[in-house]
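Participant: Everything in the sequence shown is counted per my numbering, starting at 4 for the first residue and increasing by one.
Cβ atoms here follow ideal geometry from the backbone N, Cα and C, with glycine treated the same way.
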Amino acid sequence: MDRRANEALKERLRRDAVDPAKAEARRVTIAAKQAKRMRGVVVEIRRKRLNGLDRPRNAASFDAVPTDLEVVVS
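1. May I have the straight-line CA-CA distance separating E47 from M41, to the nearest angstrom?
2. Taking only three categories from DSSP, how would you classify R49?
3. Determine, using beta carbons only, whether V75 and R49 come nearer to each other than 8 Å.
4. Look up V2 in the DSSP assignment and give the residues it is bridged to.
5. Whole-angstrom Cβ separation of K13 and D19, contact assumed at under 8 Å?
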């Protein structure tokens, strides 16, 4: 591959990386692969308890993200 062709390929890959339509196509492809791998798998999300009490969260900070969740895969 000569240098000009290599540069053209890099430029095309850069454009494809930021193209929203291509990004959506990548998301669909990845989701399909993940769904195929996860066929027949049951995922259960449970809320963890700290000494029987829910942990208080401040909605104005990063603590608003629930970190007290437990994922069980069977």
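Facilitator: In short:
1. On the sequence shown, position 44 is the one that residue 47 refers to. On the sequence shown, position 38 is the one that residue 41 refers to. E47 and M41: Cα-Cα distance of roughly 13 Å.
2. By 1-based counting over the sequence shown, the position of residue 49 is 46. DSSP places R49 within a strand segment (E or B) once states are collapsed to three.
3. Position 72 of the sequence shown holds residue 75. Position 46 of the sequence shown holds residue 49. It is a contact, given that the beta carbons lie within the stated cut-off.
4. There is no way to answer for residue 2, as the model of the chain reaches only from 4 to 77.
5. Here the question's residue 13 lines up with position 10 in the sequence shown. Here the question's residue 19 lines up with position 16 in the sequence shown. Actually they do not touch by this definition, with Cβ atoms about 11 Å apart.
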